[in-house]
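Order-wise, the sequence lines are chains L and E.
Position one of the first sequence corresponds to residue 272 (this note's numbering), numbered consecutively onward.
Position one of the second sequence corresponds to residue 8 (this note's numbering), numbered consecutively onward.
Note that beta-carbon positions come from the ideal geometry of N, C-alpha and C, so glycine has one too.
A quick write-up on the structure given underneath.
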Amino acid sequence: MLKDITLGQYYQTDSVLHRLDPRVKLIGTFVFIIALFIVNTPAGYLLCAVFLAAMIKLSRVPLRYILGGMKPVLFLLAITVFFNLLFTPGTPLVSVWRISITREGVSFAVKMAARLCFLITGTTLMTLTTTPNQLTDALEAVLRPLKALHVPVHEIAMMMSIALRFIPILMEETDKIMKAQMARGADFETGNVIRRAKNMVPILVPLFISAFRRANDLAMAMEARCYRGGEGRTRMKPLVYGRADYTAYSVIAAVFACCVLIRAAGI
Amino acid sequence: MSIRAENVSYIYNEGSAMASTAIHGLSVSIGDGEFIGLIGHTGSGKSTFIQLLNGLLAPSEGRILYNGKDIHGTETDLKSLRTKVGLVFQYPEHQLFESDVLKDVMFGPKNQGLSTEEQKERAVQALQSVGVSEEDFSRSPFELSGGQKRRAAIAGVLAMRPEVLILDEPTAGLDPRGRDEILDLISGMHREMGITVILVSHSMEDVASHVGRILVMDDGNIRFDGTPREVFSHREELEEMGLSAPSITYTMEYLRSLGLPVDTGMITISEAAGEILRCLEERNA
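Below is the structure:
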């Protein structure tokens, strides 16, 4: 039933990208997104595309797998293109009644679509090559300076990793409860929307109760092991930069610089 | 009212890289009114097998017949099959959701499409048969004690008046007294209502003293099928599968090694006590 859903989609393989320090991948992805919004010419988009293609090649993740992750956002993409196409003022190309498709609209829609595609592919690539735990570690390390502003960085990171850890557990739980209610003759597949929503109650109530019970148990277990926040906490696997990580930073910096130059030169 | 599995296989994640076979080539026939114990270590395919029996999972190969009809055939309605082959999952109290106990137990009968009066009648009867007292009917199921919650949850399946009742480790997590009460309750239902019962258990003692027939599952198939005495005579093979004979059997063997000529085939405590007394009297005579 729920076994088809793949969440926190990490693709297990061994590649240069998988071995990189998660901080590099996090910062790199962030810089890449900024670069995507800096460039606005075909040459700039081409550069981003080449960079992305090289990264996909390096990651050894099958292209089919990456594109599979695009499916859920296609709808959003379609809406964006649709509105940009119809509601951008400028020189009209085609006019029907009071709505016209403009030259600027077409160019803007294409650009926006390219940006969104690159953005989603780039971030997907990051989650495919980094385990959720590595990612939260990286997030904690990168956001550490905010601690001076009394932002509870460690706590946020801990919450994130717990939430991610609980996804598969709660999925399994949902499956179990669904089956238990189906064994009592519950029906989740037929009826209209309201009926179906109502039929979800026998799943949701036990699921919430179980989530609270688990949260309680976890809090108790953490306290029993003297967990008291990030103060003075050491790590089993501290994040240490290696040579490959500095090389990666240089490559990202170079690509970003090129993007800025292309924009400045207006090519 | 019989269940037959014919050469049934079940593969999880079929067709993907993570495919794993849980059941392969299993055939068994379960007759009307039997009380069966299903044992096997974790991962032997017990849970998969019982879910196949009431159609929650469809076999990858082979078929399951209920009263001679394929349960995934066109003649059978799965929803009504599930009310005839009642399945009580492990920790069934985790499925409680209604605002009061009576309403929760009425959920099954409601799904069967019965009238409100009939739903209520069946629920009350089911709750009484599991020993939940009347003053608890209007309480929230979450206010009950652990043992009472489990009883209420079992009543939730019983209220559908199934012809076959499958229970997956109904005594897990209960204290010894709660365990005995639940087992006595199940035995009583089998005796008095004549329903077929399949009891999945980890406890050799539980099955030894209650059931009439034991199925031992190992590696996705049935290894032994017979009366408790027959099955527990294969002590060494059971140990190889990570199972054991009831602990009283080991006590009897120890006594024998000490020189008391007892019959080591005893599988329940009362049986064993009688045997020890007999031996002692014989020796003193």
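Per DSSP, reduced to three states, the secondary structure at residue 243 of chain E is helical. Judged by DSSP in its simplified three-state form, residue 232 of chain E adopts strand. Per DSSP, the continuous alpha helix (DSSP H) segment holding residue 523 of chain L begins and ends at 514–536.
In the three-state reduction of the DSSP assignment, residue 274 of chain E falls in the coil class, being assigned neither a helical nor a strand state. For residue 494 of chain L, the enclosing alpha helix (DSSP H) starts and ends at 472–495. Interface flag for residue 101 of chain E against chain L is set, since a Cβ pair is found closer than 9 Å.
Within chain E, no residue has its CB atom less than 9 Å from the CB of residue 469 of chain L, the nearest being about 12 Å off.
If the five residues before and after residue 526 of chain L are omitted, its C-beta is found closer than 6 Å to the C-beta atoms of 322, all from its own chain and listed in chain order. Straight-line spacing of the CA atoms in residue 342 of chain L and residue 307 of chain L works out to 21 Å.
For residue 76 of chain E, the pairing in a beta bridge is given by DSSP as E:73.
Here residue 289 of chain E carries a helix assignment [DSSP, helix/strand/coil]. Interface annotation, residue 126 of chain E: not in contact with chain L, CB-CB separation never under 9 Å.
Taking 8 Å as the Cβ-Cβ cut-off, the segment 56–77 of chain E approaches chain L at 58, 61, 63, given in chain order.
The alpha carbon of residue 236 of chain E has as its nearest neighbour, out of E:201, E:194, E:252, E:264, the alpha carbon of E:252. If you compare the alpha carbons of E:276, E:248, E:249 with that of residue 257 of chain E, the shortest gap goes to E:276. Judged by DSSP secondary structure, residue 175 of chain E falls within the beta strand (DSSP E) whose first and last residues are 171–175. At a C-beta separation below 8 Å, residue 86 of chain E has these neighbours in chain L: 456, 458. Contact between residue 288 of chain L and residue 329 of chain L holds, since their C-beta atoms are separated by about 5 Å, short of 8 Å. Contact of residue 90 of chain E with chain L by beta-carbon distance below 7 Å involves 456. Secondary structure note for residue 224 of chain E: its beta strand (DSSP E) is the uninterrupted segment 220–225.
Looking at the backbone, the Cα of residue 175 of chain E and that of residue 292 of chain E are separated by about 48 Å. Taking every protein chain shown into account, the CB of residue 428 of chain L has 16 or more other CB atoms within 10 angstroms, so this residue is buried. Look at the segment 16–37 of chain E: the residues with a C-beta under 9 Å from a C-beta of chain L are 19, 20. When the beta-carbon positions are compared, residue 401 of chain L and residue 293 of chain L come within less than 9 Å of each other. Taking a Cβ-Cβ threshold of 9 Å, the residues of chain E close to residue 481 of chain L are 101, in chain order. Beyond the five residues adjoining it in sequence on each side, residue 433 of chain L comes within less than 8 Å, by CB distance, of 489 in the same chain, given in chain order. For residue 339 of chain L, the enclosing alpha helix (DSSP H) stretches over residues 334–339.
Think of a sphere of 7 Å around the beta carbon of residue 291 of chain E: no beta carbon from chain L falls inside it, the nearest being about 55 Å out.
For residue 380 of chain L and residue 348 of chain L, the gap between their C-alpha atoms comes out near 10 Å. Cα atoms of residue 248 of chain E and residue 9 of chain E: separation of roughly 29 Å, rounded to the nearest angstrom. Taking a Cβ-Cβ threshold of 7 Å, the residues of chain L close to residue 94 of chain E are 454, in chain order. For the 9 Å CB-CB criterion, residue 95 of chain E and residue 173 of chain E form a contact. Between residue 131 of chain E and chain L, the shortest Cβ-Cβ separation is not below 9 Å. By a beta-carbon distance limit of 8 Å, residue 161 of chain E contacts residue 99 of chain E. Their separation comes to about 6 Å. Under DSSP, residue 44 of chain E takes part in a beta bridge, and its partners are E:206, E:221.
Residues of the segment 226–257 of chain E whose Cβ lies closer than 9 Å to any Cβ of chain L: none.
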